[in-house]
Amino acid sequence: MRSLLVIHNQARATERQAAAASKTLLPEYVLRSSGYTITKAHSEEQANKLIVEADACVLDVPVPLIKSWGTSLLKRKIVPLLWWCSDSTATLSVEACDDNVMVDGVLSPSMNPLEIHWMLHFGSKQCFERQQWSMERKELLSRIEERKWIDMAKGILCELKGIAESEAYDMLRKQAMNERKRIVDVATSIVKVYQLIQDQKGGAKR
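Residue numbers (full-length UniProt numbering): 1 to 206.
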């Protein structure tokens, strides 16, 4: 991991220029001095272009802005997100201390090159684990949704044909095999057709 994208809040650009005398505290200076290649962005448009070539992103912004920046960046590329905790960003983040902030690590001006190296290393590992968890969560939610459709279809078949749940499931499975479809697709079709018929009956009664 060598190429880092540093993001500064556009509203703080003037403030940062005024603080040029203390540039040794700026993330780009500290990280470049530690051997990393640095690119900078002040706007979402700039960041979305530059993130493609970056190995990680360092957010030099107050905590309340991390979520919006992270959401935007991760749509373009999955990279570790690290927060730059300086006197300025910490002061602007006091009221957000209890927020559930999704970052993979924290960097600060006081860190030496070895500490920065290890924080980036662990941040990369954290990013990978977070993505794995997100994928597993999506898969679990998808299975729950599929189970819901299958259970509804079984209930409909049990009601219409007067059969047990196990028999209803066998019917779904056999129909899926015959039509070369997934069971959940067959189940979804049955439920939607049944609901459509019920809606038509209800309309006719009115």
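Note that beta-carbon positions come from the ideal geometry of N, C-alpha and C, so glycine has one too.
- Here H121 is exposed. Its C-beta has fewer than 16 other C-beta atoms within 10 Å.
- G105 has L82 as its beta-bridge partners, per DSSP.
- For the options N9, V191, I116, the alpha carbon positioned closest to that of Q46 is the one of N9.
- Where T39 is concerned, the enclosing beta strand (DSSP E) starts and stops at 37 to 41.
- According to the DSSP assignment, A153 belongs to the alpha helix (DSSP H) that extends over 113 to 161.
- By the beta-carbon neighbour count (other beta carbons within 10 angstroms, threshold 16), G202 is exposed.
- Scanning its chain for C-beta atoms nearer than 8 Å, with the 5 sequence neighbours on each side dropped, one finds around G70 the residues L59, L81, M102, V103, in chain order.
- A Cβ-Cβ separation of about 5 Å places S108 in contact with C85 under the 8 Å criterion.
- In terms of Cα proximity to L50, the closest of R76, G35, I66 is R76.
- For the set V191, T91, V184, F128, the Cα lying nearest the Cα of I144 is the one of V184.
- By the neighbour-count criterion, in which 16 or more other beta carbons inside 10 Å mark a residue as buried, L114 falls on the exposed side.
- Between the alpha carbons of Q126 and I190 lies a distance of about 43 Å.
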